[in-house]
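Colleague:
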Amino acid sequence: RVQIDGVDVTDETVGTTTAGLSQEALSEFQLTRSSLDISTSLTSSGAVNIISKSGSNNTHAHGFWDYYNQRMGARVDYNREAEPFRRNRGGGSAGGPFVKDKLFWFANWERHYQTEQKVYTAPEFPQLNTSTGFPVGVRYATGRVDWNSDSAVRLFYRFQHDWNISTGGSAPSPFQNVNWTNVSILGLNVNSGRSTHWYRFGYVN
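Counting with our numbering, you get residues 291 to 495 for the letters of the sequence shown.
1) Over the uninterrupted beta strand (DSSP E) stretch that includes Q320, give me the two end residues.
2) Taking C-alpha atoms, which residue in N472, E406, D301, P387 lies nearest to F375?
3) Could you tell me which of G386, S456, K390, V297 sits nearest to F396, measuring between CA atoms?
4) Going by the beta-carbon positions, is the gap between V304 and V473 smaller than 9 Å?
5) Assuming T303 is part of the beta strand (DSSP E), what are its boundary residues?
6) Using only alpha-carbon positions, find the residue among G345, H451, V480 that is nearest to R444.
7) Under DSSP, the beta strand (DSSP E) around E406 begins and ends at which residues?
8) Does the beta-carbon distance from F415 to P464 come in below 9 Å?
9) Rounding to the nearest angstrom, what Cα-Cα distance links T333 and N339 in this structure?
10) DSSP has D356 in a bridge; who is on the other side?
11) Terminal residues of the continuous beta strand (DSSP E) containing L476?
12) At which residues does the beta strand (DSSP E) containing T420 begin and terminate?
13) Please say whether R377 and N359 have beta carbons closer to each other than 9 Å?
14) With a cut-off of 8 Å on the beta carbons, I'd call S342 and D295 a contact; round off their distance for me.
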């Protein structure tokens, strides 16, 4: 199972996730194996628990960009003519206080774009020779607001958008997957001297 801020985002069909999260929006994570922990949904094979970042009393911002192409990777001598490949990834995050010690905000955005040219040759059947582009595009957007009502009660709301398109298959027969997922999470933490209560309400579309 995969949980983000206590809400299950496991894809029941293929076993991955229905929504991804930018690394810049991740505060901490936990991996468990076959623990049957009551804090996760039913699973006998383990779970991934992720906690997203939140704002603080200090305003902070961060940006990043990286680039990679086929000339930057190691290639063995017999494969000097590597197929064209290009990857761009950029984004950033920012957070801070609306009201010091009480109300905080955090926002994150990331864009990943990758192009790869698949070349297929069949000497026996030259009519099947083809060169096809295999684009991949991913966009993450996250916004979070935290409110400390008092020292014992904390409330937060987080919205997450995942837009991605990927191309698979082979050059003669490619296919594309498209995914648009919105996740809304409302969380309430109540702590007292004798007990801790942790409520999560989530909607995944």
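Glycine included, C-beta positions come from ideal geometry on N, C-alpha and C.
Note that this is a predicted model, so its numbers are computed, not measured.
Modeller: According to the data block:
1) 316 to 322
2) E406
3) G386
4) no
5) Unbroken run through T303: none, as it is neither H nor E.
6) V480
7) 393 to 410
8) no
9) 13 Å
10) R379
11) 464 to 481
12) 420 to 423
13) yes
14) 6 Å
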